[in-house]
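Note that the UniProt record's numbering has the sequence shown beginning at 1, numbered continuously upward.
Glycine residues also receive a C-beta, built at the ideal position from the N, C-alpha and C atoms.
Below: the structure, in structure tokens.
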Amino acid sequence: METELLPFLVGVVLATALLVVAALRHRKRSSTSTSKHRRLPPGPRPWPIIGNLNLIGALPHRSIHALSARYGPFMSLRFGSVPVVVGSSVDAARFFLKTNDASFIDRPKMASGKHTAYDYSDIVWSPYGAYWRQARKLWKAHLFSDRQLRSQEHVRSEELRALLRDLSLSSSAAAGRGGVVVVLKEHLLMFSLNVISRMALGGKYVGEGGTDAGSPISPAEFRWMVDELFLLNGVFCVGDFIPWLSWLDIQGYVGRMKRLGKMFDRFLEHVVEEHSQRRRREGDKFVAADMVDLLLELADDPKLEVPIKRDGVKGFALGPPHAGSLGEGYPPTLQGSEVPRVKGILRRHQGEGCGHSTTITKNFKSKIASKGLNHKMFCLCKIVEIKIL
């Protein structure tokens, strides 16, 4: 028995010795390269495996602010296996975002970008390079050009009238019941989602009249998907910072991202296919009516430096609905914590008022004239500012 175990024991000892030697050589090489090529700013000493994650609390910005007060405006941290340099002053921000913008323009490759953005195919998650530069140019020159935004003015006007109508009905119903609080956040969120989904995808997918009969999702599912997308793009995922633990998916976030990615893919495939069928049906008479139509036209352009594949079209189309929602779970917490601090600002808004907003509300059925656009935008900006506060 001892003779049979001897080769196994020798193998274990040799493997352990090799691992120790390799670890020591790697440590020596890392320390040498760091001393020669990397002069990192000061910072707290990292722990094995977790780095400085133990110093980051439930409010990361406050934790980092407290650390910067101790270590200075330039500070080095380690989040798991990932080295991080933090700049917390105006000069530091200028150094990163202006002076060395090209060096720091990339976003790190994280699980949310891989599983919810078609493997980093949209403009937010795609790495800096030819594809990103082309995407940025397309966004500015075609998808969100002044001409395109003007062509969608009727969408914004219709949804604004719907918003004012809903607010009027809600306030009337509340007055009949002796006064009930109208949740403005919900109305504004629906307004934002409806405008952006109509401009980007060509249809309403939440609220009254949402989705078409053949849609693979219900309005409630679409709303949940947008909220879930917002949440999962902002969570702390252990595997992003400790890669060798990513396969465990300790928090369950990666599984949720994969499920959400499949749901969005099924929905967006339906939307893109509908638009493709309309293009084929109308032939030479086809006129692009929304962002998906424009993306399909651009995808067929042979002059593009980097071809846009079908997943790229869906990734681009996913961006505006995501940006149009502040998420369901986040704003109430933000608003609840900030309202006591901004009472003076809210009081100023009440004093300024919206002038003719009462007239607009009473006459919401009438056409909103272009000459009232500045006043209308002033009111909307005030509403949005209050919403953010």
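In terms of Cβ geometry, residue 263 and residue 112 do not form a close pair [threshold 7 Å]. Minimum Cα-Cα distance from residue 237 among the listed residues 230, 246, 229 corresponds to 246. Between residue 272 and residue 313 a beta carbon distance of about 6 Å is seen, short of the 8 Å cut, so the two are scored as contacting.
The residue from 166, 197, 133 with its alpha-carbon nearest to that of residue 185 is 166.
Contact annotation, residue 86 with residue 64: C-beta distance approximately 6 Å; criterion of less than 8 Å satisfied. With the rule of 3 Cβ pairs closer than 8 Å, the region 184 to 198 counts as touching the region 157 to 172. The alpha carbon of residue 223 has as its nearest neighbour, out of 240, 239, 235, 197, the alpha carbon of 197. Where residue 281 is concerned, the enclosing alpha helix (DSSP H) starts and stops at 253 to 282.
Excluding residues up to 5 positions away in sequence, 44, 63, 67 lie with their Cβ nearer than 7 Å to the Cβ of residue 55 in the same chain. Residue 118 places its beta carbon less than 7 Å from that of residue 315. Taking a contact as a CB-CB distance under 8 Å, the pair residue 215 and residue 154 does not count as one, their CB atoms being some 23 Å apart.
The beta carbons of residue 306 and residue 128 sit no closer together than 7 Å. If you draw a straight line from the Cα of residue 298 to the Cα of residue 268, it is about 17 Å long.
For the set 228, 284, 252, the Cα lying nearest the Cα of residue 260 is the one of 228.
Per the coordinates, the alpha-carbon of residue 293 lies some 28 Å from the alpha-carbon of residue 107. Here residue 52 is buried. Its C-beta has 16 or more other C-beta atoms within 10 Å. If you ignore the 5 residues before and after residue 115, its C-beta comes within less than 6 Å of the C-beta of 257, 258, 261, all in its own chain and listed in chain order. Put simply, the backbone Cα of residue 278 is about 48 Å away from that of residue 59. For the 7 Å CB-CB criterion, residue 320 and residue 135 do not form a contact.
Of the other Cβ atoms in all chains shown, fewer than 16 fall within 10 Å of the Cβ of residue 250; this residue is therefore exposed.
A Cβ-Cβ distance of about 5 Å is found for the pair residue 121 and residue 311, placing them in contact under the 8 Å criterion. The bridge partners DSSP lists for residue 107 come to none.
An exposed status is given to residue 168, since fewer than 16 other beta-carbon atoms sit within 10 Å of its beta-carbon. Under the criterion of beta carbons closer than 8 Å, residue 80 and residue 242 qualify as touching, at roughly 4 Å. Residue 286 and residue 102 have their alpha carbons spaced roughly 40 Å apart. The beta carbons of residue 88 and residue 41 sit no closer together than 7 Å.
Residue 148 and residue 188 have their C-alpha atoms some 23 Å from each other.
Taking the C-beta atoms as reference points, residue 291 is found no nearer than 7 Å to residue 164. Ranked by Cα distance from residue 217, the first of 252, 254, 234, 265 is 265. Taking the Cβ atoms as the reference, residue 104 lies roughly 11 Å from residue 92, outside the contact range of under 8 Å. Cα atoms of residue 124 and residue 133: separation of roughly 12 Å, rounded to the nearest angstrom. Just so you know, the alpha carbons of residue 82 and residue 109 end up roughly 12 Å apart.
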